[in-house]
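Colleague: Listed in order, the protein sequences are those of chains A and B. First residue of the first sequence? That's 1 in UniProt numbering, and the numbers climb one at a time after it. First residue of the second sequence? That's 1 in UniProt numbering, and the numbers climb one at a time after it. C-beta: ideal position from N, C-alpha, C; glycine also. Below are the structure tokens for one structure; questions will follow.
There are 2 protein chains.
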Amino acid sequence: MSLDIAAKTPHDQLAEMLAADMAAVNALIRDRMASEHAPRIPEVTAHLIEAGGKRLRPMLTLAAARLCGYAGPYHVHLAATVEFIHTATLLHDDVVDESTQRRGRPTANLLWDNKSSVLVGDYLFARSFQLMTETGNMRVLDILANASATIAEGEVLQLTAAQDLATDEGIYLQVVRGKTAALFSAATEVGGVIAGAEEAQVRALFDYGDALGIAFQIADDLLDYGGTSAVIGKNTGDDFRERKLTLPVIKAVARANAAERAFWTRVIEKGQQGDGDLEQAIALMQRHGAMEDARSDALMWSAKACAALERLPNHPLRDVLAELADFVVSRIR
Amino acid sequence: MSLDIAAKTPHDQLAEMLAADMAAVNALIRDRMASEHAPRIPEVTAHLIEAGGKRLRPMLTLAAARLCGYAGPYHVHLAATVEFIHTATLLHDDVVDESTQRRGRPTANLLWDNKSSVLVGDYLFARSFQLMTETGNMRVLDILANASATIAEGEVLQLTAAQDLATDEGIYLQVVRGKTAALFSAATEVGGVIAGAEEAQVRALFDYGDALGIAFQIADDLLDYGGTSAVIGKNTGDDFRERKLTLPVIKAVARANAAERAFWTRVIEKGQQGDGDLEQAIALMQRHGAMEDARSDALMWSAKACAALERLPNHPLRDVLAELADFVVSRIR
């Protein structure tokens with residue numbers, strides 16, 4: 001491996017190795033996001049899709065199918081499906097969160113309106129459903145239907161768990177699976193299924209996607225509090241201000257004494273936050289080893305993702321997926 | 001036929017003839033709208049589903065399957081699917097329309113919030129998708145995926161066509177198919193497909209549902225202006241105040257002279273409405289025969305629905321479906 005390659009992120013490597021497949025996915029996405037009758041639809045979707053997310057989820061599907069030796073056409077449909085589901089959830093999330101920025105651009109709900117975001121999201125869900133139906137594979141439909149339900153359920157759970165100190169690590173995992181891991185694991189699993197991989201490999205692909213998603217989300221939670229260094233940067237504390245029960249907070253609350261519990265009740269449940277409260281929250285999380293333990297959890301999930309890959313065929317794509325599992329926690333190492 | 005039966009609406013007759021099937025559908029709906037993890041979900045869905053809509057769509061699926069001789073279990077899954085898709089669209093519609101009342105009760109977006117309505121709607125879509133996947137029938141998946149896309153597309157189109165005098169009858173039909181007819185026609189079509197009916201019968205079932213939905217919607221449009229009697233009642237003019245381009249308005253606009261066009265531009269496009277404008281709108285629609293022509297269109301679609309039924313096996317349910325097609329336009333006869 002040349003130095004040049006070594007310096008590339010796993011994401012860039014995947015993009016290079018899957019370039020031909022991704023070109024087909026992008027063409028299919030462009031074709032299917034159109035609407036003969038309602039020009040508002042491609043306007044909204046183009047705004048979001050062409051803003052160029054990382055396209056990580058479709059690449060996971062392509063990589064899974066390829067490393068299981070798939071040579072048919074349908075991994076492209078499934079990759080586009082996964083990206084459509086992701087885009088639809090982003091549109092609806094921005095309505096739910098009343099967001100104004102996404103990928104550095106104004107959100108669709110801001111540029112058009114909430115109505116367009118809701119309905120165009122529904123359109124993309126329906127389109128994703130058409131795309132996956134074209135594969136003619138009942139099992140991938142089953143997997144993606146279940147993932148869609150898990151995603152929606154996790155989002156509702158997040159809504160009701162938000163600002164509730166009773167949220168425990170079990171609920172947290174449920175929310176994270178809905179938010180991130182369910183689509184990651186479905187993306188990898190359907191790649192294996194469409195390739196006709198044997199059961200143990202399909203299971204390994206699911207486990208990889210699931211663990212990757214969870215590791216990614218915990219790392220994100222930690223970084224929002226400045227990571228383990230706890231250096232307060234520009235974006236530090238967004239989750240705190242939004243009173244989210246993320247993993248380090250949940251761990252610190254579980255270990256809180258009475259005075260600390262009163263603090264958490266005030267800043268998270270009641271939302272009464274003032275100067276110094278973010279620093280105090282970070283200090284409490286560090287005192288109880290909550291940051292350190294959350295970091296260990298993330299590394300454990302990352303290791304779990306890598307272990308799952310060992311049950312898959314030896315393949316250059318498998319090596320990059322391992323690097324990816326490592327990469328998502330590199331920011332908190 | 002006894003007088004007692006004759007006095008019943010076609011809807012009541014369907015409910016009686018399909019009572020055992022509908023009990024199974026309701027049990028399945030109750031079972032699948034639950035969520036182990038997120039109690040907010042059954043709260044919201046129960047609020048809407050137990051408000052007791054007419055359950056017309058699931059009955060269409062059951063009737064179609066039964067009159068084609070189906071004896072398996074999956075018409076129940078498909079009927080529940082169709083009701084879930086319908087309920088999901090209602091939840092999202094109420095967010096889009098900022099509605100406060102539905103079926104005589106406060107809407108979910110009012111009782112909880114828009115967020116819950118968006119996400120629980122997504123959950124029901126995902127659940128509907130799981131339900132239909134359980135049938136193992138690729139073709140019904142294809143039909144319902146296409147219907148979902150048509151529904152979403154029609155809703156977006158309605159959003160952009162609203163208050164736009166350029167909306168013609170072609171766009172109107174597209175919107176109506178999205179709003180009403182696409183789910184009606186999918187409901188009847190999948191009933192035939194799951195029963196293994198022959199192609200001509202499946203097509204007849206589609207045509208029936210499509211025509212029924214369009215007839216229903218045009219009748220609704222007319223009634224909003226007091227029907228052909230043009231008697232101004234309590235709910236008369238809701239569409240006018242919301243500046244909707246419904247069929248009688250579209251016809252009147254197409255036949256307007258310059259002065260009339262200025263009137264429509266003011267009240268619909270600019271939304272400047274004052275005392276007497278509703279009466280003036282009705283007078284213009286009557287002067288140009290727009291009400292009368294819309295009424296003819298509705299009757300034509302109703303007749304088309306009945307004609308489609310003649311391509312289906314002779315069956316008591318077929319007779320009730322014919323009565324239903326007649327019933328939806330009885331209010332404007």
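(1) What in chain B is Cβ-close to valine 118 of chain A, meaning under 7 Å?
(2) Using a beta-carbon distance below 8 Å, is asparagine 314 of chain A in contact with chain B?
(3) So for proline 248 of chain A, helix, strand or coil by DSSP?
(4) With respect to the alpha helix (DSSP H) encompassing alanine 65 of chain B, which residues constitute its N-terminal and C-terminal limits?
(5) How should serine 185 of chain A be labelled, buried or exposed, when 16 other C-beta atoms within 10 angstroms of its C-beta is the threshold for buried?
(6) What does tyrosine 123 of chain B reach in chain A if we use C-beta pairs closer than 7 Å?
(7) Leaving out the 5 sequence neighbours to the left and right, which residues in its chain are closer than 8 Å to serine 116 of chain A when beta-carbon positions are compared?
(8) Is it true that the CB of alanine 290 of chain A sits closer than 8 Å to the CB of leucine 212 of chain A?
(9) Quick check on the burial criterion: 16 or more other C-beta atoms within 10 angstroms. Buried or exposed for arginine 261 of chain B?
(10) With hydrogens ignored, establish whether the beta-carbon of isoleucine 268 of chain B is closer than 7 Å to any heavy atom of the ligand NAP.
(11) What in chain A is Cβ-close to glutamine 174 of chain B, meaning under 8 Å?
(12) Using a threshold of 8 Å, state whether the C-beta atoms of alanine 64 of chain B and leucine 14 of chain B are closer than that.
(13) Is the beta carbon of threonine 150 of chain A sitting closer than 8 Å to the one on alanine 187 of chain A?
(14) Decide yes or no for the touch test of the region 152-162 of chain B against the region 123-130 of chain A: beta carbon pairs closer than 8 Å, at least 3 of them.
(15) Note down the Cα distance separating alanine 71 of chain B from alanine 20 of chain B, rounded to an integer number of angstroms.
(16) Could you run through the region 125-144 of chain B and flag, in chain order, every residue whose CB is less than 7 Å away from some CB of chain A?
(17) Please report the residue range of the alpha helix (DSSP H) in which asparagine 114 of chain B lies.
(18) Between proline 313 of chain A and leucine 60 of chain A, which are expected to be in contact by the criterion C-beta below 8 Å, what is the C-beta distance as a whole number of angstroms?
(19) Check whether the region 188-204 of chain A and the region 135-144 of chain A are in contact - that is, three or more C-beta pairs closer than 8 Å.
(20) Can you pull the chain A residues whose beta carbon is under 8 Å from the beta carbon of histidine 54 of chain B, in chain order?
(21) By the DSSP assignment, the alpha helix (DSSP H) with alanine 23 of chain B in it spans what residues?
(22) My assumption, with CB atoms under 8 Å, is that arginine 331 of chain A sits in contact with leucine 247 of chain A. Please give the rounded CB distance.
(23) Aspartate 239 of chain B and aspartate 210 of chain B - do their beta-carbons sit closer together than 8 Å?
(24) Is it the case that the Cβ atoms of threonine 180 of chain B and phenylalanine 216 of chain B are separated by a distance below 8 Å?
(25) Tell me whether the beta-carbon of alanine 88 of chain A lies closer than 8 Å to the beta-carbon of glycine 121 of chain A.
(26) Should arginine 40 of chain A be flagged as near chain B, meaning a C-beta pair shorter than 8 Å?
(27) What residues in its chain sit with their C-beta under 7 Å from that of leucine 299 of chain B, if we drop five residues either side in the sequence?
(28) Nearest-angstrom Cα distance between lysine 304 of chain A and isoleucine 218 of chain A?
(29) How should glutamate 83 of chain B be labelled, buried or exposed, when 16 other C-beta atoms within 10 angstroms of its C-beta is the threshold for buried?
(30) Within its chain, find whatever has a CB closer than 6 Å to the CB of alanine 322 of chain A; leave out the 5 residues flanking it on each side and keep chain order.
(31) Considering Cα atoms alone, identify which of A:His75, A:Lys251, A:Ile282 is closest to threonine 236 of chain A.
(32) Taking the alpha-carbon of histidine 75 of chain B as reference, which of B:Ser148, B:Gly271, B:Ser302, B:Pro58 has the nearest alpha-carbon?
(33) What is the DSSP secondary structure of asparagine 137 of chain B, counted as helix, strand or coil?
(34) Taking only three categories from DSSP, how would you classify lysine 270 of chain A?
(35) Does glutamine 272 of chain B pass the burial test, meaning 16 or more other C-beta atoms within 10 Å, or should it be called exposed?
(36) Specify the secondary structure class of valine 329 of chain A as computed by DSSP and reduced to three states.
Modeller: Concretely, from the data shown:
(1) His92, Val95, Val96, Val118
(2) no
(3) helix
(4) 56-67
(5) buried
(6) Ala149, Ala152, Glu153, Val156
(7) Arg40, Val44, Ala108, Asn109
(8) no
(9) exposed
(10) Summarising the ligand content, the structure contains no ligands, and the ligand NAP is consequently not present.
(11) His37
(12) no
(13) no
(14) yes
(15) 13 Å
(16) Phe125, Ala126, Arg127, Phe129, Gln130, Thr133, Gly136, Met138, Leu141, Asp142
(17) 114-133
(18) The pair is not a contact, with the Cβ atoms about 16 Å apart (cut-off 8 Å).
(19) yes
(20) What sits at residue 54 of chain B in the sequence shown is lysine, not histidine. What lysine 54 of chain B touches in chain A: nothing, since even the nearest Cβ is about 23 Å away.
(21) 19-32
(22) Not a contact, Cβ separation roughly 15 Å.
(23) no
(24) yes
(25) yes
(26) yes
(27) Val329
(28) 14 Å
(29) buried
(30) Cys306, Leu309
(31) A:Ile282
(32) B:Pro58
(33) coil
(34) coil
(35) exposed
(36) coil
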